[in-house]
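Per this note's numbering, the sequence shown runs over residues 892 to 973.
Quick reminder that beta carbons are idealized off the backbone N, C-alpha and C, glycines included.
Report on one structure; see the data block that follows.
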Amino acid sequence: LSFLTQLHLNANSLSGSIPPESVTLPALTTLHLSRNHLNGTIPSEIGLLSYLRELRLFANNLNGTIPSELGLLSNLKQLDIF
892 LSFLTQLHLN
902 ANSLSGSIPP
912 ESVTLPALTT
922 LHLSRNHLNG
932 TIPSEIGLLS
942 YLRELRLFAN
952 NLNGTIPSEL
962 GLLSNLKQLD
972 IF
């Protein structure tokens, strides 16, 4: 999976928290997890995805603060977390 660039899992009725180890795909540019039943906080490890351009987490049950590590994502063009 080290060459995976896009992960689209939106609207799949996923539940539980976002496991920190699931966001350590080094080439990932797109991560769409919206419209699920995810809860808990946004893992700070997302900030390690240096190629990430799109992050969509909206329409879940996430809580807590937005990790400051998201500020490290210099390639991020779209962030949807409402």
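>> Does residue 955 come out as helix, strand or coil in the three-state DSSP assignment?
In response: Translated into positions along the sequence shown, residue 955 becomes position 64. Coil at residue 955, not helix or strand.
> So, using beta-carbon positions, are residue 937 and residue 924 closer together than 8 Å?
Replying inline: Taking the sequence shown and counting its residues from 1, one reaches residue 937 at position 46. Taking the sequence shown and counting its residues from 1, one reaches residue 924 at position 33. Not in contact: residue 937 and residue 924 (Cβ atoms no closer than 8 Å).
> When the Cα of residue 964 is compared with those of 927, 918, 973, 949, which residue comes out closest?
Replying inline: Taking the first residue of the sequence shown as 1, we reach residue 964 at position 73. If we check each option's Cα against that of residue 964, 918 comes out closest.
>> Using only the alpha-carbon positions, how far apart do residue 950 and residue 933 sit?
In response: Here residue 950 corresponds to residue number 59 of the sequence shown, with the count starting at 1. Here residue 933 corresponds to residue number 42 of the sequence shown, with the count starting at 1. So the alpha carbons of these two residues sit roughly 13 Å apart.
> Buried or exposed: where does residue 927 fall if 16 or more other Cβ atoms within 10 Å of its Cβ makes it buried?
Replying inline: For the purposes of this step, residue 927 is taken as residue 36 along the sequence shown, with counting starting at 1. Buried, by the Cβ-count rule.
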